[in-house]
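>
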Amino acid sequence: MSKTIKLSGFASAITVDEVKQFLESYTGEGTVETVKVSHEEGSRSFAKVQFKNLEDVESILSWTSSQALLHNNSYLKAWSLKHDIISQKPKFDLHSIDDLVLHFGSQASKDKFTVLWNQSRVSFKYGKKLDKLYFFLSYNSVDYKLELYNDNIWQMVLHYVPDQTKKCLLIQVCLKSITFNLDRFHIADTNKHKLLSEKSLT
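Residues in the sequence shown are numbered from 1 upward in steps of one, following the UniProt record's numbering.
(1) I think Gln50 touches Thr4, with their Cβ atoms under 8 Å apart; what is that distance to the nearest whole Å?
(2) Could you pull the start and end residues of the alpha helix (DSSP H) that Gln21 belongs to?
(3) Taking only the alpha-carbon atoms, compute the straight-line gap between Val37 and Phe46 and give it to the nearest angstrom.
(4) Compute the beta-carbon to beta-carbon distance between Ser8 and Leu61, rounded to the nearest angstrom, for a pair I have assumed lies under 8 Å.
(5) Compare the C-beta of Lys112 against all C-beta atoms of chain C and say whether one is closer than 8 Å.
(6) Taking its Cβ as the centre, do 16 or more other Cβ atoms sit within 10 Å of Ala78, making it buried, or is it exposed?
(7) Just how far apart, CA to CA, sit Lys6 and Val35?
(8) Is the beta carbon of Val101 sitting closer than 8 Å to the one on Val122?
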């Protein structure tokens with residue numbers, strides 16, 4: 001649900017500031033993100049209003065449905081809109097993420113992942129054309145880069161660990177081998193390596 005609604009029933013001469021002040025007299029100062037005012041046919045205007053939180057949107061919709069919102073002797077009507085006036089920005093940059101833990105292994109079952117090796121303090125970046133995935137890590141004082149092409153990725157599935165405090169992105173690849181930095185670190189056949197641990201994916 002978006003945080004933007006359409007309000008109809010305002011006087012034709014109403015301004016953006018007047019709409020904002022009127023609504024914030026009910027929802028509180030600083031609760032309105034932005035306002036757009038347009039004129040309807042006749043003597044009335046309507047406004048598209050984006051709030052900063054959904055609670056205020058729900059309150060306005062409730063008040064208008066019960067005819068509890070009156071402006072200059074006119075009952076206002078409200079509708080929720082599918083899209084916000086101002087698009088919400090992501091909380092972090094998906095093109096670059098640091099301080100990850102990278103696990104290598106294979107999926108043993110629907111809910112289990114066999115871990116052969118893992119490394120902390122890993123950085124992740126997308127390629128410029130979003131056609132590659134890069135993982136940067138350091139092992140035994142040597143820096144390595146893992147490069148994956150989109151064509152090599154079979155599927156990516158987001159899981160939550162059992163305590164629900166962390167997320168695990170499972171990337172399954174079509175490769176039979178993964179090579180780091182001129183074969184300094186090589187995983188050729190996961191079946192020949194000793195099982196170190198199992199991680200639950202649920």
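Just so it is clear, CB atoms sit at the ideal spot from N, CA and C, and this is done for glycine as well.
Short version:
(1) Correct: roughly 4 Å between the Cβ atoms.
(2) For Gln21, the uninterrupted alpha helix (DSSP H) segment begins and ends at 16-27.
(3) Cα to Cα, the separation comes out at about 6 Å.
(4) Rounded, the Cβ-Cβ distance is 13 Å, inconsistent with contact.
(5) As a matter of chain content, chain C is missing from the structure shown, which is built from one protein chain.
(6) Buried, by the Cβ-count rule.
(7) Taking the straight line joining both Cα atoms gives about 10 Å.
(8) Contact flag set, yes.
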